[in-house]
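Written out below as structure tokens is the structure these notes cover.
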Amino acid sequence: MTESLLREAAPLSADEWAALDRAVVEAARRVLVGRRILPLYGPLGAAVQTVAVDRLSGPPRAALTLTGEEATASLAAVRRFLPLTLIHADFVVHWRDLEATRRFGLPLETTAAAAAAVRCAHTEDDLIFNGRPVLGLEGLRTVEGRVVEVLSDWALMGNAFRDIVTATQRLAAGGFPGPYAVVTSPALYATLHRVYENTGVLEIEQIRRLAAAGVFVTPALPEPSALVLNVGPEVADLAVGQDLVAAFLESRHLNLVFRVVESVAVRIKQPGAIVRLEPAPPTGTPPPPAV
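Each number in the working numbering comes from the position in the sequence shown (counting from 1) with 12 added on.
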């Protein structure tokens, strides 16, 4: 891996590389939301460029017989292959900063590396939730076959909790018993931090009792919208080829140019396990497709 990333070609010591790697990982970890709700498939390696994904459909219950000889309906799988798309952002380590680190023992300046990692993390979350239509890639909120429910006005006390209850009831009735995760846009998330009626408990705490897999916020969701989904590899996962890492590109004007890069694909196998909450369309506008 390190050969293709040209890390040996960079004039950095092992400690300096460790500082860059630590900055990249810690910055991305603070931002990433999709990886908190999707299991990882991989890392598979940078050489892997496509992955298979089976879109599953069929009865939610297994057969119950005495002898096991009766024919039963099986899960139908439509297989397709997805590209592991590259997400990358470049940054520069200035030669004078590097000299200051080596001569005076100052910490290596890693701000640019962290900023590049944050940009990659935001792009990864955008891919996970919204897909990339120009590349024919679907996300959790755009995948065909998702469930769509009307989002009520969360400015009114109790509406958020009732919406999440409705979504989890819909999922449970469809054969998806949880655990559930809730992801909201930033403004909706802020409305959850108030005392729920006369309970002395925040509304978000009430919702967390339903969403055992967690309640999260991401700017990748447009305002106002939310997702409720059954978490598990049988529903969706994130295929990772090359995990997020810093690579060396070149020396330019004495400065060192690096790239934070990863390759990923969102594998959605049962879109019926995803509920998208969004406001009702204006009068006269056809509603979005729903299951």
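Don't be surprised by glycine CBs; every beta carbon is placed ideally from N, CA and C.
Since the structure is predicted, the reported quantities are computational estimates derived from the model, not experimental observations.
Any C-beta of chain C under 8 angstroms from that of residue i
| i | result |
| --- | --- |
| residue 270 | Among the chains of the structure shown, chain C does not appear; only one protein chain is present. |
Three-state secondary structure assigned by DSSP to residue i
| i | result |
| --- | --- |
| residue 208 | coil |
| residue 149 | strand |
| residue 191 | coil |
| residue 114 | helix |
| residue 30 | helix |
| residue 81 | coil |
| residue 303 | For residue 303, the predicted structure reports a pLDDT of 46, less than 50, and the residue's modelled location is therefore unreliable. The matter cannot be settled from this model. |
| residue 37 | helix |
| residue 59 | coil |
| residue 165 | coil |
| residue 21 | helix |
| residue 43 | helix |
| residue 91 | strand |
Residue interval of the beta strand (DSSP E) (run including residue i)
| i | result |
| --- | --- |
| residue 130 | Looking at the DSSP string, residue 130 is not in any beta strand (DSSP E); the run it does join, the alpha helix (DSSP H), is 123-142. |
| residue 67 | 62-69 |
| residue 226 | 226-229 |
| residue 239 | 238-242 |
| residue 222 | No beta strand (DSSP E) holds residue 222; the alpha helix (DSSP H) holding it covers 215-222. |
| residue 100 | 97-105 |
| residue 248 | 248-252 |
Span of the alpha helix (DSSP H), counted from its first residue to its last, around residue i
| i | result |
| --- | --- |
| residue 185 | 171-185 |
| residue 203 | 198-203 |
| residue 313 | The structure shown does not extend to residue 313, since the chain is modelled only from 13 through 303, so no value can be given for it. |
Pick from the options that is closest to residue i, judged by C-alpha positions
| i | options | result |
| --- | --- | --- |
| residue 218 | 230, 205, 229 | 205 |
| residue 104 | 89, 80, 123, 68 | 123 |
| residue 246 | 223, 172, 52 | 52 |
| residue 211 | 74, 179, 194, 170 | 170 |
| residue 154 | 279, 190, 192 | 279 |
| residue 44 | 223, 228, 152 | 228 |
| residue 151 | 138, 237, 240 | 138 |
| residue 175 | 189, 190, 194 | 194 |
| residue 16 | 109, 47, 59 | 59 |
| residue 66 | 256, 78, 281 | 281 |
Heavy atom of the ligand NAP within 7 angstroms of residue i beta-carbon
| i | result |
| --- | --- |
| residue 176 | Among the components of this structure there are no ligands whatsoever, and the ligand NAP is therefore not found. |
Proximal residues to residue i (C-beta, below 6 angstroms), its chain only, five neighbours per side dropped
| i | result |
| --- | --- |
| residue 158 | 283, 286, 288 |
| residue 268 | 105 |
| residue 180 | 192, 222 |
Contact set for residue i: own chain, Cβ-Cβ below 8 angstroms, skip 5 residues either direction
| i | result |
| --- | --- |
| residue 147 | 95, 97 |
| residue 234 | 197 |
| residue 182 | 159, 161, 287 |
Cβ-based neighbour list, residue i, same chain, cut-off 7 angstroms, excluding 5 preceding and 5 following
| i | result |
| --- | --- |
| residue 33 | 258 |
| residue 200 | 166, 236, 238 |
| residue 48 | 226, 228 |
| residue 185 | none |
Exercise. Can you give, in chain order, each stretch of the beta strand (DSSP E) that sits fully within the segment 256-301 and has at least 3 residues?
Worked result: 257-264, 267-280, 286-290
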